[in-house]
Structures are given as structure tokens and as C-alpha cells.
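Visitor: Sharing a structure, written as C-alpha cells. Questions coming.
In full-length UniProt numbering, the protein residues as written are 1 to 371.
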């Protein structure tokens with residue numbers, strides 16, 4: 001019998017392994033995680049709706065990821081590293097989140113309403129007539145540049161707000177023993193956010209039926225971006241409250257003492273870092289895993305989203321479908337995680353369990369391209 005089970009009992013250890021005095025710390029973190037993922041789901045589904053529908057196909061996505069998302073991620077990390085040397089952790093959090101909220105608010109109120117004026121449609125149509133058809137995806141990136149920018153910012157939100165800010169904050173303030181209990185709770189509410197955000201996307205996409213408007217998608221976009229901004233403000237508020245009330249409570253947070261070391265770690269150049277990865281078997285395998293995953297997902301994703309566009313060529317219809325898809329994903333994930341997740345890992349180990357994902361991708365991918 002594990003320590004968690006002894007402390008909480010079988011079902012509580014599985015569903016809510018949190019002491020009452022820890023609620024002050026865990027509940028705000030759960031809410032923050034929920035809101036970040038809630039926003040991510042809305043932004044992810046909306047960005048696909050915008051670029052795929054505007055470009056009349058998903059061929060634009062690989063160009064956006066290569067020439068848009070990748071350079072933007074590199075530039076962001078360079079800027080973030082510089083800010084991290086000058087700002088406190090709290091100020092850095094605000095300075096990172098606020099620009100995202102400002103952009104999403106401006107997109108709904110300025111960029112999208114004035115897209116006909118802002119987008120160089122005529123020029124890009126001329127370029128398309130002159131250049132080979134293979135340039136269509138790249139031309140669409142420029143032609144609908146504000147949509148492309150929305151796509152890039154939405155992609156960055158997932159990496160920045162979730163991976164960098166939230167998990168960085170969580171790992172800073174939680175001990176290893178706490179993380180082993182808390183993170184399962186975070187995962188559970190992450191899937192709940194998928195369900196609720198998927199429902200909201202469907203509602204916003206269908207709300208046009210009750211509103212008279214020349215542009216139904218503008219109405220849906222206003223609803224979704226308004227909630228994204230409000231959720232973002234709530235995230236900032238929760239983070240501020242935790243810094244004021246949780247990180248000052250020694251029972252909940254005891255900052256580790258900084259160890260002064262006389263030896264400084266050598267800073268590697270980009271070339272040296274790449275050579276280090278190539279020479280390290282462990283890091284090399286991780287790099288291959290990451291690249292292979294990205295390649296497989298892009299191959300399947302581009303074709304799949306193009307088929308969705310053929311079925312739902314309208315902005316609102318495409319968005320409603322993506323909302324249904326996100327909601328269904330949330331339900332399926334909760335069921336699998338609850339009934340199979342821990343059992344499979346305990347029975348077969350992490351290695352064999354991890355292989356299930358690529359095997360399923362192989363089977364479903366072959367079936368998808370075959371039929």
C-alpha cells in the first residue's frame with residue numbers, strides 16, 4: 001500500500017490526494033492550469049478555422065509552422081532570456097502574458113474587422129498568377145498575414161503559457177513529494193477544460209443563428225476572444241494572489257536555499273550544443289523522437305484538416321466541428337486515463353506504455369490514408 005493510499009484512502013488517493021491545508025495552494029493552481037488550457041483549446045481551434053478556411057485548404061499550415069512559428073519561437077526565447085536577466089519572476093510573468101491578451105483583443109476588434117483593408121489580396125493574387133503552384137501556401141501566409149500572425153501567437157500560447165510559465169511556476173513552488181500528488185489532479189482538470197472549451201466553441205459558433213449580422217464569424221470571434229482575454233486576466237489575478245498569499249506562507253512554500261558554487265557551468269554555443277546532442281545517445285534519441293513525432297503529426301494533420309475544410313467550408317461550421325472534436329477528445333481522454341492510465345503503466349511499465357502512442361498513430365494513419 002502506497003503512502004498516498006494510507007493517507008487518503010483508495011478513492012481519494014486516486015481522485016483528490018490533497019490535504020485540507022493544501023487547498024489554499026492547490027485550488028488556485030488548478031484554476032490557473034484550467035484557464036490556460038481553456039484558452040489554448042479555443043485558440044488552437046480558432047487558428048485552424050481562420051487559416052484553413054481563408055486559404056481554402058490546409059496547404060498553408062506547413063509554411064506557417066516553418067516560416068512563422070519556428071522563427072517566432074526562437075525570437076521569443078531570445079527576448080525572454082534577456083527579460084529574465086532584468087525582471088523579477090513576477091514581473092516576467094506579467095510581461096509575458098499581457099502582450100498575448102492585448103494581441104487577441106486587437107485581433108477581434110481591429111485586425112479581423114479591417115482585414116479587407118489590411119490584407120494585400122490583389123498583390124498576392126498577381127503573384128499567384130506568376131509563380132508556380134507550389135508557392136500557394138507561402139503566398140497565402142502573406143495574403144492573410146493577420147490570420148497568420150494569429151496562428152503564430154496561438155501556437156506560442158501553448159508553449160509559453162503552459163510549458164514555460166505554468167510548469168516553471170509549478171516546479172518552483174512544489175516539492176517532489178507534492179508534485180507526485182498534485183500533478184495527477186492537474187491532468188484531470190486539463191481534460192475537463194477540453195470538454196468545457198469545446199462546448200463553448202460550439203455555442204459561440206452557433207450563436208449567429210440568434211443574431212442578425214453581415215459577418216456571423218465576427219460575432220463568434222468576438223465571443224471567443226472576449227472569453228480568452230477575461231480568462232487571461234483571471235490567470236494574472238490568480239498568479240498575483242498566489243505570490244501574495246501562498247508564497248509567503250511557510251507551511252505551503254519553503255524556498256530552497258541557493259547554493260553558492262565556485263564552479264561556473266560552461267556556456268555552449270549553438271554549434272557546440274548541436275554537437276553535444278549528436279554525441280549523446282540519450283539526447284540524440286530524444287531529438288529523433290521529437291522530430292519523428294512532428295513529422296508524423298504534420299503529415300496526418302494537414303491532410304485531415306483539408307478534408308474537414310471540404311466538409312465544412314464555412315468559418316462557423318468548421319469552428320463548430322473543431323469544438324465537437326475537442327469536447328469528444330476530453331471525454332475519451334478522461335475515460336482512458338481513469339480506467340487504463342495507471343493500470344497499464346503499473347502492469348507493463350513506462351517503456352511499453354509509451355510505445356502505444358506511435359503504434360496507434362501508425363495504425364490509424366495507415367487506415368486514414370488507405371480509405
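Glycine included, every Cβ here is placed at the ideal spot set by N, Cα and C.
#1: Along the chain, where does the alpha helix (DSSP H) containing residue 316 start, and where does it finish?
#2: Please classify residue 280: does DSSP put it in a helix, a strand, or coil?
#3: Go through its chain and collect everything with a Cβ distance to residue 258's Cβ below 7 Å, but skip five positions before and after it.
#4: Classify residue 360: buried if its beta carbon has 16 or more other beta carbons within 10 angstroms, exposed otherwise.
#5: Could you give the DSSP three-state label for residue 260: helix, strand or coil?
#6: Should residue 108 go down as buried or exposed, given a rule of 16 or more other Cβ atoms within 10 Å for buried?
#7: Rounded to whole angstroms, what's the CA-CA distance from residue 344 to residue 292? Just pull it up for me.
#8: Below 6 Å CB to CB, which residues in the same chain sit around residue 8 once its five sequence neighbours on both sides are set aside?
#9: Give a yes or no on contact between the segment 280–295 and the segment 38–54, applying the rule of three or more CB pairs nearer than 8 Å.
#10: In or out: residue 339 buried (at least 16 other Cβ within 10 Å) or exposed?
#11: Put residue 254 into one of helix, strand or coil per three-state DSSP.
#12: Pair every Cβ in the segment 149–158 with every Cβ in the segment 60–68, then say whether three or more of these pairs are closer than 8 Å.
#13: On a CA-only basis, which of 321, 228, 91 is nearest residue 53? Give me that one, please.
#14: Output the distance between the C-alpha atoms of residue 200 and residue 279, rounded to the nearest integer angstrom.
#15: Please say whether residue 82 and residue 246 have beta carbons closer to each other than 7 Å?
#16: Measuring CA to CA, which of 294, 11, 137, 114 is closest to residue 56?
#17: Measuring only the C-alpha atoms, how far is residue 305 from residue 371?
#18: Taking just the CA atoms, how far does residue 369 sit from residue 94?
#19: Kindly indicate the opening and closing residues of the alpha helix (DSSP H) around residue 167.
#20: Extract the residue ranges of the alpha helix (DSSP H) inside the segment 74–136, only unbroken runs of 4 or more that lie entirely within it.
#21: Please identify the residue among 233, 253, 349, 352 whose C-alpha is closest to the C-alpha of residue 96.
#22: Taking all protein chains shown into account, decide if residue 223 is buried (16 or more other Cβ within 10 angstroms of its Cβ) or exposed.
#23: How many Å lie between residue 217 and residue 15 at the Cα?
#24: Can you name, in chain order, every residue of its own chain whose Cβ lies under 8 Å from the Cβ of residue 28, other than the five neighbours on each side?
#25: Give me the residue from 133, 141, 145, 87 with the minimum Cα distance to residue 111.
Guide: Reading off the structure:
#1: As a working note, residue 316 is residue 316 in the chain shown. It spans 315–336 - the alpha helix (DSSP H) in which residue 316 sits, taken as one unbroken run.
#2: The residue given as residue 280 occupies position 280 in the chain shown. In the structure shown, residue 280 falls within a coil segment according to DSSP collapsed to helix, strand and coil.
#3: Locating residue 258 in the chain shown gives position 258, where the first residue counts as 1. With a pLDDT of 46 at residue 258, under the threshold of 50, the modelled position of this residue cannot be trusted; read the value that follows with caution. If you ignore the 5 residues before and after residue 258, its C-beta comes within less than 7 Å of no other C-beta in its own chain.
#4: What you label residue 360 is simply residue 360 of the chain shown in a count that begins at 1. By the neighbour-count rule (16 or more Cβ atoms within 10 Å), residue 360 is not buried but exposed.
#5: The sequence position of residue 260 within the chain shown is 260, counting from 1. Confidence in residue 260 is poor, its pLDDT being 45 and thus under 50, which makes the residue's placement too unreliable to answer from.
#6: For this step, residue 108 is matched to residue 108 along the chain shown. Answer is buried; the Cβ neighbour count reaches 16.
#7: Walking along the chain shown from the start, residue 344 turns up at place 344. Walking along the chain shown from the start, residue 292 turns up at place 292. Take the alpha-carbon of residue 344 and the one of residue 292: they are about 24 Å apart.
#8: Working through the chain shown from its first residue, we reach residue 8 at position 8. Here the set comprises 17.
#9: Short answer: they don't touch.
#10: Taking the first residue of the chain shown as 1, we reach residue 339 at position 339. Exposed, because fewer than 16 other Cβ atoms sit within 10 Å of the Cβ of residue 339.
#11: Locating residue 254 in the chain shown gives position 254, where the first residue counts as 1. Residue 254: coil per DSSP, three-state reduction.
#12: Yes, since at least three Cβ pairs between the segment 149–158 and the segment 60–68 fall closer than 8 Å, the two stretches touch.
#13: Position 53 of the chain shown, counting from 1, holds the residue named residue 53. Nearest of 321, 228, 91 to residue 53, Cα basis: 321.
#14: Taking the first residue of the chain shown as 1, we reach residue 200 at position 200. Taking the first residue of the chain shown as 1, we reach residue 279 at position 279. In a straight line, the C-alpha of residue 200 is about 48 Å away from that of residue 279.
#15: Position 246 of the chain shown, counted from the first residue, corresponds to residue 246. Position 82 of the chain shown, counted from the first residue, corresponds to residue 82. No, the pair does not count as a contact, with Cβ atoms beyond the cut-off.
#16: To locate residue 56, count along the chain shown from 1; it is residue 56. Residue 137 is the option with its Cα nearest to residue 56.
#17: As a working mapping, residue 305 is identified with position 305 in the chain shown. As a working mapping, residue 371 is identified with position 371 in the chain shown. When only Cα atoms are considered, residue 305 and residue 371 end up about 16 Å apart.
#18: Taking the chain shown and counting its residues from 1, the one referred to as residue 94 is at position 94. Taking the chain shown and counting its residues from 1, the one referred to as residue 369 is at position 369. One alpha carbon belongs to residue 94, the other to residue 369, and they sit about 44 Å apart.
#19: Residue 167 sits at position 167 when you count from the first residue of the chain shown. From DSSP, the alpha helix (DSSP H) with residue 167 extends over 167–173.
#20: Within the segment 74–136, the complete alpha helix (DSSP H) runs of at least 4 residues are 89–106, 115–118, 121–130.
#21: Within the chain shown, numbered from 1, the residue matching residue 96 stands at position 96. Checked all of 233, 253, 349, 352; the closest Cα to residue 96 is 233.
#22: Looking up residue 223 in the chain shown gives position 223. Buried, since its Cβ has 16 or more Cβ neighbours within 10 Å.
#23: Here residue 217 refers to the residue found at position 217 when the chain shown is read from its first residue. Here residue 15 refers to the residue found at position 15 when the chain shown is read from its first residue. Rounded to whole angstroms, the gap between the alpha carbons of residue 217 and residue 15 is 39 Å.
#24: Numbered from 1 along the chain shown, position 28 holds the residue referred to as residue 28. Once the five neighbours on either side are set aside, the close Cβ partners of residue 28 are 238, 241, 242, 246.
#25: Position 111 of the chain shown, counted from the first residue, corresponds to residue 111. Comparing Cα-Cα distances from residue 111 to each of 133, 141, 145, 87, the minimum goes to 145.
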